[in-house]
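**Q**
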Amino acid sequence: MHFILNNWYLFLGLFVVLFLLVWGPLRQMIYGIHHVSVAEAVRLVNHAQGVVVDVRENDEYRSGHIPKSIHVPLSGLASGLTQLDKYKARPLIVCCRTSQRSARAAVLLRQKQFANVQVLAGGITAWQGENLPVEK
């Protein structure tokens with residue numbers, strides 16, 4: 564106990580780091596955000612009228628994106644929600660480069676009452692890894 568009291572700042576830092584590591588996945592679980600594989604994303608688009616929403620920045624999107632995806636950068640997602648309103652009832656597959664930003668975007672979409680939001684696991688990197696088409 565003496566060690567803990569003498570080094571309280573180390574333990575505080577440890578708890579902060581642990582909280583930050585757990586908060587992201589916990590937040591996604593609270594909002595019902597699921598990660599889908601590339602194969603599942605293709606199935607949703609082809610058979611369930613799924614819509615791919617790419618939240619990467621403009622230069623990333625121009626360098627290659629999933630065909631027919633809707634581009635709404637994460638930095639402008641809050642103001643670009645009207646562009647997505649017509650897809651509220653359809654499955655949305657949110658993607659970015661590796662699925663970090665898309666998880667944040669998915670939480671925001673769920674907060675705005677989008678019912679069926681998924682994150683493309685691995686993002687566009689996983690899509691390209693499966694040799695699926697990209698448009699430039």
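All letters in the sequence shown, in the order written, are residues 564 to 699 by the numbering used here. Positions of the beta carbon are idealized from the N, C-alpha and C atoms, including for glycine. These figures come from a predicted structure and were not determined experimentally.
Taking C-beta to C-beta, are residue 661 and residue 686 nearer than 8 Å?
**A** yes
**Q** Which residues bound the beta strand (DSSP E) around residue 681?
**A** 680-683
**Q** May I ask which residues mark the beginning and end of the beta strand (DSSP E) holding residue 656?
**A** Taken as a continuous stretch (DSSP letters only), the beta strand (DSSP E) holding residue 656 covers 655-658.
**Q** Taking the Cβ atom as the reference point for each residue, do residue 671 and residue 616 lie within a distance shorter than 8 Å?
**A** Not closer than 8 Å, so no.
**Q** If we ignore side chains and look at the alpha-carbon of each, how far apart do residue 689 and residue 665 end up?
**A** 13 Å
**Q** Sorted by chain position, which residues of the same chain lie with C-beta nearer than 8 Å to residue 698's C-beta, five sequence neighbours on each side aside?
**A** 627, 628, 629, 630
**Q** Please report the Cβ distance between residue 684 and residue 599, rounded to the nearest whole angstrom; I am assuming they are in contact, meaning their Cβ atoms lie under 8 Å.
**A** 6 Å
**Q** Decide if residue 618 is buried, meaning its Cβ has at least 16 other Cβ atoms within 10 Å, or exposed.
**A** buried
**Q** With a threshold of 16 other CB atoms inside 10 Å of the CB of residue 567, please say whether the residue is buried or exposed.
**A** exposed
**Q** Run through the DSSP bridge pairs and tell me what residue 698 is partnered with.
**A** 628
**Q** Alpha carbons only, please: which of 651, 658, 573 is nearest the one belonging to residue 637?
**A** The residue with the shortest Cα to Cα distance from residue 637 is 658.
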